[in-house]
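Some notes on the structure that comes next.
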Amino acid sequence: MLDTNVIFAAALGITEPWYVESVEFNSEAKKLEIHLNFKKGSKFPFFNEDGSIESNSAYDTVEKRWRHLNFFQHECYLIARIPRIKNQADKIQTYSPDWGGLSNGFTLLFEAVLLQLAKDMPVNRIAKLLNVSDKLIWYVLERYVSQAREFENYEDVSKIGVDETSLSKGHNYISMFVDLEKRRTIFVAEGRSNETVKQFKNDFTEHNGDVLQITDVSCDMSPAFIKGVKENLPNAEITFDKFHVLKIINEAVDTVRREEVKHNPILLGKRYIFLKNEVNLTAKQRQEKQKLILSEVNLKSMEALNMRETFQQIYHAQSDIEFVLLLTKWHEWVSNSALEPMKKSAEMVKKHWDGIVQWKKSQINNGILEGLNSVIQAAKRKARGYKMKHLKTIAYLVTSNLNFGKLNYACQPTEKA
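Counting in my numbering, the final residue of the sequence shown is number 838, and the numbers go up one at a time with none missing.
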């Protein structure tokens, strides 16, 4: 019959010179403590500053304790005498065992579980589930994200998307910079000013990126982003994300509808007909829309909706020339209309003409970034909000596809969002 200590050593993957010395189980405290030791006379490596390695016996030892994966429903801890080694120059190093994590007090396997859980669960729930301080969990997550980012290489990045997400509605924004070709976040900055683009440039350069190699940037029409791109990414052509352009035109349509509904009850309860695309309308909404089209009342709202739908069709143009021609005709039509909100949207299009036309050439948009943003928003909702530095950490964790395997053998590659 196998010795219990031998069984636990095999389960833990403990190899010489280490061995399981004893196992203590406390059923009342629901804890399992596994005591490890090393064979007498064992030698351990000492890493000198010049790169050379000495092999020496322990000078003395210090006891350390690590939280490990739960043993069924019981907390499990590894406890060991860790050798300190002295080199020929009388300098002392503490040995780092293979099972020890990046943070004092956790094993690599336990940290791997924390990383995996944090992608799907709020940290406060993980803290309760594993009986660990949320501050310690955040420390682990932030350290892994920070160190994993040191391995990042952006030498092949040439097309990026920029967008922001808020910590709470209308307050405390973070800006996300995404590699559109690899569909992952490569930089997160606090705020949404032109300074965030400068911060991106500096970080990008530190990770072997060449800002002169960035040819395309997709963003909204934020003056700050536009200014930042022009100042820091000199070879980049700006594409104004079509979804943001349409959002502004949609808001103009809704403004027309809200003003008209005050005087025309036929529009009551019809808001979603004007906000949704035709393919997204329910059968009932399509019928209601058809009634409005056939109505003898000349509705300003329907005229505004027609303008928006016509604008959307421009993006199906077969060539650059056709795109510009259709956009020009749309601008003239809407500018000469009597609908002030729509005329303002036409002015917006004219002001950002080059970036809107650029879409036909670049064919890039922030759809990928919006998808990553939704992942972050979902995580934020589950946690009922994060502090700013924590939101940045979560953004990297769930959307950056960082390679934690270089830091921890137990970490599986992050799936792309």
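Cβ atoms here follow ideal geometry from the backbone N, Cα and C, with glycine treated the same way.
Open item on the list: For Asn552 and Ile513, what's the separation of their Cα atoms in angstroms?
Closed with: Position 131 of the sequence shown, counted from the first residue, corresponds to residue 552. Position 92 of the sequence shown, counted from the first residue, corresponds to residue 513. A straight line joining the alpha-carbon of Asn552 with that of Ile513 spans about 35 Å.
Task: Cβ-Cβ separation, Glu563 to His628 (assumed contact under 8 Å), whole Å - done: Mapped onto the sequence shown, residue 628 falls at position 207. Mapped onto the sequence shown, residue 563 falls at position 142. The Cβ separation is near 18 Å, so there is no contact.
TODO: On the DSSP bridge assignment, give the partners of Met597 in chain order.
DONE: Counting from one through the sequence shown, the residue named residue 597 turns up at place 176. Asp584, Val609, per the DSSP bridge assignment.
Task: Per-residue burial, Thr626 [other beta carbons within 10 Å of its own, 16 or more giving buried] - done: Mapped onto the sequence shown, residue 626 falls at position 205. By the neighbour-count rule (16 or more Cβ atoms within 10 Å), Thr626 is not buried but exposed.
Open item on the list: Spatial neighbours of Ile670 within its chain, please: C-beta separation below 7 Å, excluding the five flanking residues on both sides.
Closed with: For this step, residue 670 is matched to residue 249 along the sequence shown. Hits under 7 Å: Arg729, Phe732, Ser766.
Task: Glu532 versus Phe467: straight-line alpha-carbon distance, rounded - done: As a first step, residue 532 is located in the sequence shown; it is residue number 111 there, counting from the start. As a first step, residue 467 is located in the sequence shown; it is residue number 46 there, counting from the start. C-alpha separation (whole angstroms): 26 Å.
- [ ] Could you spell out where the beta strand (DSSP E) holding Ile503 opens and where it closes?
- [x] What you label residue 503 is simply residue 82 of the sequence shown in a count that begins at 1. Run containing Ile503: 495-507, per the beta strand (DSSP E) assignment.
TODO: Please work out which residues of its chain come closer than 8 Å, Cβ to Cβ, to Thr482, disregarding the five sequence neighbours upstream and downstream, and give them in chain order.
DONE: On the sequence shown, residue 482 is found 61 positions in, with the first residue counted as 1. When the five nearest sequence neighbours on each side are left out, the beta carbons in the same chain lying within less than 8 Å of the beta carbon of Thr482 are those of Arg502, Ile503, Pro504, Arg505, in order along the chain.
Open item on the list: My output table needs one value for Pro466: the three-state DSSP class, helix, strand or coil.
Closed with: Counted from its first residue, the sequence shown places residue 466 at position 45. The answer is strand: DSSP assigns Pro466 an E or B state.
Task: Best match in Glu496, Asp511, Arg486 for proximity to Glu475 [C-alpha to C-alpha] - done: Counting from 1 along the sequence shown, the entry for residue 475 is found at position 54. When each option's Cα is compared against that of Glu475, the closest is Asp511.
TODO: Could you please give the first and the last residue of the uninterrupted alpha helix (DSSP H) stretch that includes His665?
DONE: In the sequence shown, the residue the question calls residue 665 occupies position 244. From DSSP, the alpha helix (DSSP H) with His665 extends over 663-682.
Open item on the list: Could you compute how far the alpha carbon of Glu470 sits from the alpha carbon of Tyr516?
Closed with: In the sequence shown, the residue the question calls residue 470 occupies position 49. In the sequence shown, the residue the question calls residue 516 occupies position 95. Near 15 Å, if we compare the C-alpha coordinates of Tyr516 and Glu470.
Task: Of the residues Ser448, Ser643, Asp519, the one placed nearest Met769, counting alpha carbons only - done: Translated into positions along the sequence shown, residue 769 becomes position 348. Nearest C-alpha to Met769: Ser643.
- [ ] Would you check if the region 597-604 and the region 782-796 touch, i.e. whether three or more CB-CB distances between them fall below 8 Å?
- [x] yes
TODO: Compute the Euclidean distance between the alpha carbons of Arg707 and Asp584, then round it to the nearest angstrom.
DONE: One-based indexing of the sequence shown puts residue 707 at position 286. One-based indexing of the sequence shown puts residue 584 at position 163. Rounded to the nearest angstrom, the gap between the Cα atoms of Arg707 and Asp584 is 33 Å.
- [ ] Return the first residue and the last residue of the alpha helix (DSSP H) that Asn545 is part of.
- [x] Start at 1 with the first residue of the sequence shown, and residue 545 comes out as number 124. Per DSSP, Asn545 belongs to the alpha helix (DSSP H) from 544-551.
Task: Simplified DSSP assignment, three categories, for Asn822 - done: Taking the sequence shown and counting its residues from 1, one reaches residue 822 at position 401. Coil.
TODO: Would you mind sorting Thr436 into buried or exposed? The rule is 16 or more other CB atoms within 10 Å of its CB.
DONE: Numbered from its first residue, the sequence shown carries residue 436 at position 15. Exposed: under 16 other Cβ atoms inside 10 Å.
Task: Asp775, buried or exposed, once every other Cβ within 10 Å from all chains shown has been counted against 16 - done: As a working note, residue 775 is residue 354 in the sequence shown. Looking at its Cβ environment, which holds fewer than 16 other Cβ atoms inside 10 Å, Asp775 is exposed.
- [ ] Verify whether the separation of the beta carbon atoms of Asp675 and Ile785 is less than 7 Å.
- [x] Working through the sequence shown from its first residue, we reach residue 675 at position 254. Working through the sequence shown from its first residue, we reach residue 785 at position 364. Cβ distance not < 7 Å, so Asp675 and Ile785 don't count as in contact.
Task: Identity of the residue in Ser478, Gly472, Leu457, Lys451 nearest Lys464 by Cα - done: Locating residue 464 in the sequence shown gives position 43, counting from the first residue. Closest by alpha carbon: Ser478.
Open item on the list: Helix, strand or coil for Ala533? Go by DSSP, reduced to three states.
Closed with: Against the sequence shown, residue 533 aligns to sequence position 112. Ala533 carries a helical assignment under DSSP once its states are collapsed to helix, strand and coil.
Task: Three or more C-beta pairs below 8 Å linking the region 812-825 and the region 683-698 - done: no
Open item on the list: Give me the DSSP bridge partner(s) of Arg486.
Closed with: On the sequence shown, position 65 is the one that residue 486 refers to. According to DSSP, which records beta bridges pairwise, Arg486 is partnered with Ile500.
Open item on the list: Can you list, in chain order, the residues of its chain with a C-beta nearer than 7 Å to that of Lys771? Leave out the 5 residues immediately preceding and following it.
Closed with: In the sequence shown, residue 771 corresponds to position 350, counting from 1. Excluding residues within five positions, the ones whose Cβ falls inside 7 Å are His752.
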